[in-house]
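Asks: Below is a structure I'd like to ask you about.
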Amino acid sequence: MAALSAWFWNERFWLPHNVTWADLADPAPGVEYPKAGHLLSALPLALGIFAVRIVFERYVAGPCASALQIQAEVGRRAQPSAVLEKVFTSITKCPDARQLDGLSKQLDWEVRKVQRWFRHRRNQDKPSTRTKFCESMWRFTFYLCVFTYGLAFLWQSPWMWDTRQCWYNYPYQVLSPGLYCYYVTELAFYWSLMFSQFIDIKRKDFLIMFIHHLATIGLISFSYVNNMVRVGSLVLCVHDASDFLLEAAKLANYAKYQRLCDFLFVVFGMIFFTTRLIIYPYWFVLVLGLFHTMLQYCSHLTLTSADMNLFRKMFKVLLFLIFNSSLCRFSFYQSLENCPIM
1 MAALSAWFWN
11 ERFWLPHNVT
21 WADLADPAPG
31 VEYPKAGHLL
41 SALPLALGIF
51 AVRIVFERYV
61 AGPCASALQI
71 QAEVGRRAQP
81 SAVLEKVFTS
91 ITKCPDARQL
101 DGLSKQLDWE
111 VRKVQRWFRH
121 RRNQDKPSTR
131 TKFCESMWRF
141 TFYLCVFTYG
151 LAFLWQSPWM
161 WDTRQCWYNY
171 PYQVLSPGLY
181 CYYVTELAFY
191 WSLMFSQFID
201 IKRKDFLIMF
211 IHHLATIGLI
221 SFSYVNNMVR
231 VGSLVLCVHD
241 ASDFLLEAAK
251 LANYAKYQRL
261 CDFLFVVFGM
271 IFFTTRLIIY
281 PYWFVLVLGL
291 FHTMLQYCSH
301 LTLTSADMNL
311 FRKMFKVLLF
321 LIFNSSLCRF
331 SFYQSLENCP
341 IM
């Protein structure tokens with residue numbers, strides 16, 4: 001295990017040529033650099049965020065749903081049948097014609113009655129509009145708050161206006177309390193999303209979003225450990241810019257304000273396209289090009305050409321993964337335009 005850990009955290013891969021993990025672990029008095037141990041605080045914070053969510057949905061989102069006359073629907077329950085229940089839970093929730101015919105003969109039911117039973121049974125597991133409203137209101141509130149905080153913090157940060165500052169004196173960049181809070185809060189939220197995904201509303205993109213949460217946690221964690229937090233904070237802010245608008249559109253849809261829903265969804269699409277597919281590539285292709293200037297800003301590190309090539313490859317891989325994730329999500333959101341918002 002020690003050999004595997006040493007191979008994975010190879011300083012030659014993660015850090016410039018003459019920098020070691022020990023250099024970052026023992027900074028000057030009053031100076032703090034990111035450490036892997038800091039990320040452990042995200043786990044209890046994730047539990048705290050989940051607890052806040054439960055309270056919020058019950059005492060804030062619930063009353064809002066009642067004020068908007070969004071009630072929990074009481075659907076028609078399927079007739080008790082041990083045979084069909086076993087098929088539904090262990091074989092298929094949507095039997096084909098051959099299976100329907102076999103079940104019809106086994107139970108001495110009409111095929112249409114068997115079809116109706118499966119339809120009622122599927123609907124029985126669907127969450128109510130009220131449940132979906134409360135979940136979306138929580139996500140809207142968190143996304144809006146974290147985006148507002150991130151934008152306010154970055155507005156005062158020099159690397160938002162001059163991306164060359166992301167690499168100035170890298171990796172000896174001091175970690176400020178505000179940046180630490182922003183990073184760990186985002187990480188904790190995605191941890192809470194990954195765990196709560198198993199008890200939340202089951203959606204068609206469950207597997208996609210699970211992989212997305214895993215990738216996000218990995219990117220946040222690794223960028224923090226090797227002190228790429230300045231670039232990471234820009235990525236987080238750009239990706240948060242449109243999420244709260246999607247949740248706002250869902251809220252309007254559940255409340256049956258269709259015109260407002262359509263308007264918000266159009267605004268969301270425009271901002272998503274602009275931030276994820278225009279600003280993000282432009283900003284970070286530009287930053288990628290500025291890797292060449294790291295030799296000027298970090299001349300005391302005596303980086304070799306091999307180091308620079310390695311950094312470029314790492315950054316291109318991360319850029320490719322996040323950019324294609326944005327394309328996939330944009331394609332998925334486009335598919336929602338002709339159907340009710342989930």
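Residues in the sequence shown are numbered from 1 upward in steps of one, following full-length UniProt numbering. In this text, a Cβ means the ideal position worked out from N, Cα and C, and glycines have one as well.
Among Tyr143, Asp205 and Pro29, which has the Cα closest to the Cα of Glu247?
Replies: Translated into the one-based positions of the sequence shown, residue 247 becomes position 247. The residue among Tyr143, Asp205 and Pro29 with its C-alpha nearest the C-alpha of Glu247 is Tyr143.
Asks: Using 8 Å as the Cβ pair cut-off and three pairs as the minimum, do the segment 175 to 185 and the segment 35 to 49 touch?
Replies: yes
Asks: Is any heavy atom in the ligand GDP found nearer than 8 Å to the beta carbon of Cys166?
Replies: With respect to small molecules bound, the structure shown includes none, and the ligand GDP cannot be examined in it.
Asks: Could you compute how far the alpha carbon of Gly289 sits from the alpha carbon of Phe198?
Replies: What you label residue 289 is simply residue 289 of the sequence shown in a count that begins at 1. What you label residue 198 is simply residue 198 of the sequence shown in a count that begins at 1. Note on Gly289: pLDDT 48, under 50, position unreliable in the model; the coordinate value appears next. If you take the alpha carbons of Gly289 and Phe198, they lie about 41 Å apart.
Asks: Pick from Met137, Ile279 and Gln79: whose alpha carbon is nearest that of Arg53?
Replies: Here residue 53 corresponds to residue number 53 of the sequence shown, with the count starting at 1. Ranked by how close their Cα comes to the Cα of Arg53, the residues Met137, Ile279 and Gln79 have Met137 in first place.
Asks: Near Ala42, which residues of its chain fall below 7 Å by C-beta distance, leaving aside the five closest residues on each side in sequence?
Replies: Taking the first residue of the sequence shown as 1, we reach residue 42 at position 42. Hits under 7 Å: Val184, Leu187, Ala188 and Trp191.
Asks: Measuring straight from C-alpha to C-alpha, what distance separates Asp262 and Ala249?
Replies: Translated into positions along the sequence shown, residue 262 becomes position 262. Translated into positions along the sequence shown, residue 249 becomes position 249. Going by the C-alpha atoms only, they are around 7 Å apart.
Asks: Specify the secondary structure class of His239 as computed by DSSP and reduced to three states.
Replies: Indexing the sequence shown from 1 puts residue 239 at position 239. It is helical.
Asks: Determine the burial state of Asp240: buried for a count of at least 16 other Cβ atoms within 10 Å of its Cβ, exposed for fewer.
Replies: Stepping through the sequence shown from its first residue, residue 240 is reached at position 240. Counting Cβ neighbours within 10 Å, Asp240 comes out buried, since at least 16 surround it.
Asks: If you measure between the beta carbons of Tyr254 and Lys113, is that distance less than 9 Å?
Replies: Counted from its first residue, the sequence shown places residue 254 at position 254. Counted from its first residue, the sequence shown places residue 113 at position 113. Contact: no.
Asks: I need the DSSP call for Pro16, collapsed to helix, strand or coil.
Replies: As a working note, residue 16 is residue 16 in the sequence shown. If DSSP states are grouped into helix, strand and coil, Pro16 belongs with coil.
Asks: Just the Cα atoms here: how many angstroms apart are Thr293 and Tyr280?
Replies: Position 293 of the sequence shown, counted from the first residue, corresponds to residue 293. Position 280 of the sequence shown, counted from the first residue, corresponds to residue 280. Confidence at Thr293 is low in this model, with a pLDDT of 48, below 50, so the placement of that residue is unreliable and no value is reported for it.
Asks: Rounded to whole angstroms, what is the Cα-Cα separation between Glu85 and Val60?
Replies: Start at 1 with the first residue of the sequence shown, and residue 85 comes out as number 85. Start at 1 with the first residue of the sequence shown, and residue 60 comes out as number 60. Answer to the nearest angstrom: the Cα atoms are 37 Å apart.
Asks: Pick helix, strand or coil for Tyr282, following the three-state DSSP scheme.
Replies: Along the sequence shown, one-based indexing puts residue 282 at 282. Three-state DSSP puts Tyr282 in a helix.
Asks: Nearest by alpha-carbon distance to Leu234: which of Arg203, Ser242, Gly150 and Ile217 is it?
Replies: Locating residue 234 in the sequence shown gives position 234, counting from the first residue. Among Arg203, Ser242, Gly150 and Ile217, the Cα nearest to that of Leu234 belongs to Gly150.
Asks: Restricting to runs no shorter than 4 residues, where is the alpha helix (DSSP H) found entirely within the UniProt DNA-binding region "Homeobox" (86 to 129)?
Replies: 97 to 107 and 111 to 125
Asks: Does the beta-carbon of Asp26 have 16 or more other beta-carbons within 10 angstroms, so that it is buried, or is it exposed?
Replies: Here residue 26 refers to the residue found at position 26 of the sequence shown. Around the Cβ of Asp26, a 10 Å sphere holds fewer than 16 other Cβ atoms; the residue is exposed.
Asks: By how many angstroms is the C-alpha of Ala2 removed from the C-alpha of residue 358?
Replies: Lying before the first or after the last residue shown, residue 358 is absent from the chain, which here runs from 1 to 342.
Asks: Taking Thr92 and Gln99 to be in contact with their CB atoms under 8 Å, please state how far apart those CB atoms are, rounded to whole angstroms.
Replies: Translated into the one-based positions of the sequence shown, residue 92 becomes position 92. Translated into the one-based positions of the sequence shown, residue 99 becomes position 99. At roughly 7 Å, the Cβ-Cβ gap stays under 8 Å, so Thr92 and Gln99 are in contact.
Asks: Helix or strand or just coil, what does DSSP make of Arg203?
Replies: Taking the first residue of the sequence shown as 1, we reach residue 203 at position 203. Correct three-state label for Arg203: coil.
Asks: Check Gln71 in the structure and name its three-state DSSP category.
Replies: The residue you call residue 71 lines up with position 71 of the sequence shown. Gln71: coil per DSSP, three-state reduction.
Asks: Taking the alpha helix (DSSP H) that Leu277 belongs to, which residues open and close that run?
Replies: Translated into the one-based positions of the sequence shown, residue 277 becomes position 277. From DSSP, Leu277 is part of no alpha helix (DSSP H); its letter is neither H nor E.
Asks: Whole angstroms is fine: what's the gap from Arg203's alpha carbon to Asp108's?
Replies: Working through the sequence shown from its first residue, we reach residue 203 at position 203. Working through the sequence shown from its first residue, we reach residue 108 at position 108. Each residue's Cα considered, the two are about 34 Å apart.
Asks: Please classify Gly269: is it buried, with 16 or more other beta-carbons within 10 angstroms of its beta-carbon, or exposed?
Replies: Taking the sequence shown and counting its residues from 1, the one referred to as residue 269 is at position 269. Within 10 angstroms of the beta-carbon of Gly269 lie 16 or more other beta-carbons, which makes it buried.
Asks: Since Ile229 and Pro34 are thought to touch, with beta carbons under 8 Å apart, how far apart are those beta carbons, to the nearest angstrom?
Replies: For the purposes of this step, residue 229 is identified with residue 229 of the sequence shown, where counting begins at 1. For the purposes of this step, residue 34 is identified with residue 34 of the sequence shown, where counting begins at 1. The question names Ile, but residue 229 in the sequence shown is Val. Indeed they touch by this definition, with Cβ atoms about 6 Å apart.
Asks: Contact defined as beta carbons within less than 8 Å: I believe Val111 pairs with Asp101. What is the distance between those atoms, to the nearest angstrom?
Replies: Translated into the one-based positions of the sequence shown, residue 111 becomes position 111. Translated into the one-based positions of the sequence shown, residue 101 becomes position 101. Confirmed, about 6 Å.
Asks: Between Phe195 and Phe56, is the Cβ-Cβ spacing less than 9 Å?
Replies: Taking the sequence shown and counting its residues from 1, the one referred to as residue 195 is at position 195. Taking the sequence shown and counting its residues from 1, the one referred to as residue 56 is at position 56. No, these two residues do not count as a Cβ contact at 9 Å.
Asks: Measuring straight from C-alpha to C-alpha, what distance separates Leu103 and Pro127?
Replies: Sequence index remark: in the sequence shown, residue 103 carries index 103 (1-based). Sequence index remark: in the sequence shown, residue 127 carries index 127 (1-based). Cα to Cα, Leu103 sits roughly 27 Å from Pro127.
Asks: Report the rounded CA-to-CA distance for Val267 versus Phe118, giving the unit in angstroms.
Replies: As a working mapping, residue 267 is identified with position 267 in the sequence shown. As a working mapping, residue 118 is identified with position 118 in the sequence shown. Looking at the two C-alpha atoms, the distance is approximately 38 Å.
Asks: Can you find the residues in the same chain that come closer than 7 Å, C-beta to C-beta, to Phe140, ignoring five residues on each side of it along the sequence?
Replies: In the sequence shown, the residue the question calls residue 140 occupies position 140. For Phe140, where only same-chain residues beyond five positions count, the Cβ hits under 7 Å are Phe244, Glu247, Ala248 and Leu251.
Asks: To the nearest whole angstrom, what separates the beta carbons of Val174 and Val19, a pair I think is in contact under 8 Å?
Replies: Locating residue 174 in the sequence shown gives position 174, counting from the first residue. Locating residue 19 in the sequence shown gives position 19, counting from the first residue. That pair is no contact at about 15 Å.
Asks: Can you tell me whether DSSP reads Leu175 as helix, strand or coil?
Replies: Taking the sequence shown and counting its residues from 1, the one referred to as residue 175 is at position 175. If DSSP states are grouped into helix, strand and coil, Leu175 belongs with coil.
Asks: For Cys166, I'd like the list of residues in its chain whose CB is within less than 7 Å of its CB, leaving aside the five on either flank, ordered along the chain.
Replies: Translated into the one-based positions of the sequence shown, residue 166 becomes position 166. Excluding sequence neighbours, Cys166 sits near Trp159, Arg230, Val231 and Val287.
Asks: DSSP three-state label for Thr302, please.
Replies: Reading the sequence shown from its first residue, position 302 is the one you call residue 302. Here Thr302 scores only 49 on pLDDT, less than 50, and its place in the model is too uncertain to base an answer on.
Asks: Whole angstroms are fine: how far does the CA of Lys256 sit from the CA of Arg130?
Replies: Translated into the one-based positions of the sequence shown, residue 130 becomes position 130. Translated into the one-based positions of the sequence shown, residue 256 becomes position 256. Going by the C-alpha atoms only, they are around 12 Å apart.
Asks: Determine the direct distance from the alpha carbon of Trp14 to that of Leu219, and round the result to whole angstroms.
Replies: Walking along the sequence shown from the start, residue 219 turns up at place 219. Walking along the sequence shown from the start, residue 14 turns up at place 14. Each residue's alpha carbon lies about 13 Å from the other.
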